[in-house]
Amino acid sequence: MTTQSSSTATEYQAERCANCDEQTPHDVSIELEATHNDRVRDENEKFARTPCRVTTCRRCGEQSFERQT
């Protein structure tokens, strides 16, 4: 899995955390996940990837994953 972080040590994204129930600093990254479905031909399966946005609350550590289409 490939990860590219969109934040640095001093920058963060403020987003709503369901666990903390308020806006908190989050680390945000994009991960490429393998796509497994019937539409992908066998010879193309190793190239089939879907970007997934991963957010991690800096306060409580709660993670959320959202597939990007």
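Residue numbers (the working numbering): 1 to 69.
Beta carbons: idealized from backbone N, C-alpha and C, even for Gly.
**OP:** Measuring alpha carbon to alpha carbon, tell me which of G61, E62, C52, T69 ends up nearest S29.
**Re:** Reading the sequence shown from its first residue, position 29 is the one you call residue 29. Ranking G61, E62, C52, T69 by Cα distance to S29 puts C52 first.
Subject >> Simplified DSSP assignment, three categories, for Q23 >> reply: Along the sequence shown, read from residue 1 onward, the residue named residue 23 stands at position 23. Strand at Q23.
Subject >> Local conformation of Q13 per DSSP, three classes >> reply: Within the sequence shown, numbered from 1, the residue matching residue 13 stands at position 13. Here Q13 sits in strand by DSSP.
Original post:
By DSSP, does E66 sit in helix, in strand, or in coil?
Top reply: Here residue 66 is taken as the residue at index 66 of the sequence shown, counted from 1. Strand, per DSSP.
**OP:** State buried or exposed for Q4, treating a residue as buried only when at least 16 other CB atoms are found within 10 Å of its CB.
**Re:** For this step, residue 4 is matched to residue 4 along the sequence shown. Note on Q4: pLDDT 49, under 50, position unreliable in the model; no value is reported.
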